[in-house]
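**Student:**
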Amino acid sequence: MNPDTLMQSLQTSFRATVGAASTALESLQDAQKREENLQALQNQDWDAVVQRLAEKGEITELEARRFVDELLGSQSPDGPRTVDVTGEAEESTAEPATEEELEALSEMVASLRQELEQLRHSKSDA
5 MNPDTLMQSL QTSFRATVGA ASTALESLQD AQKREENLQA LQNQDWDAVV
55 QRLAEKGEIT ELEARRFVDE LLGSQSPDGP RTVDVTGEAE ESTAEPATEE
105 ELEALSEMVA SLRQELEQLR HSKSDA
């Protein structure tokens, strides 16, 4: 069997499967489409059904690819981002009261850490 023919057969099979899934989903969602799809299956030969499903699968595949491309394109920037780290550090612009609160909280966290360490050591010694 020719490799090109094999790949073409696999692609047609995949697209027919996607088309069948799409048709089944349409049939579940819409009673009128269900009747149309059943009539089409009963009135056509197998090759025509496979061809129709493969065409529908190809359209669904292209729509899905376009959706994913748009989704990925909107999330990531076009190129790598650069960050300037050569700038000097800015001075604190916080209010004096806020700075005092931060210092007090930092001291409290430090004392809690120290107390926790002491508890761990006393627990491991016991």
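Heads up, the working numbering is the position in the sequence shown plus 4, with the first residue counted as 1.
Ideal Cβ positions, reconstructed from N, Cα and C, are used throughout, including at glycine.
This structure is a prediction, so every number in the text was calculated from the model and none was measured.
Using the C-alpha atoms, what's the distance from residue 110 back to residue 117?
**Tutor:** Cα-Cα distance, rounded: 11 Å.
**Student:** Which first and last residues belong to the alpha helix (DSSP H) in which residue 129 is found?
**Tutor:** 100-129
**Student:** Is residue 65 closer than 8 Å to residue 22 when the C-beta atoms are compared?
**Tutor:** yes
**Student:** Report the CB separation of residue 58 from residue 16 in whole angstroms; it is logged as a contact under 8 Å.
**Tutor:** 5 Å
**Student:** Does DSSP classify residue 41 as helix, strand or coil?
**Tutor:** helix
**Student:** In the structure shown, what three-state DSSP assignment does residue 48 receive?
**Tutor:** coil
**Student:** Considering only residues of the same chain and omitting the five flanking positions on each side of residue 101, which have a CB-CB separation below 6 Å?
**Tutor:** none
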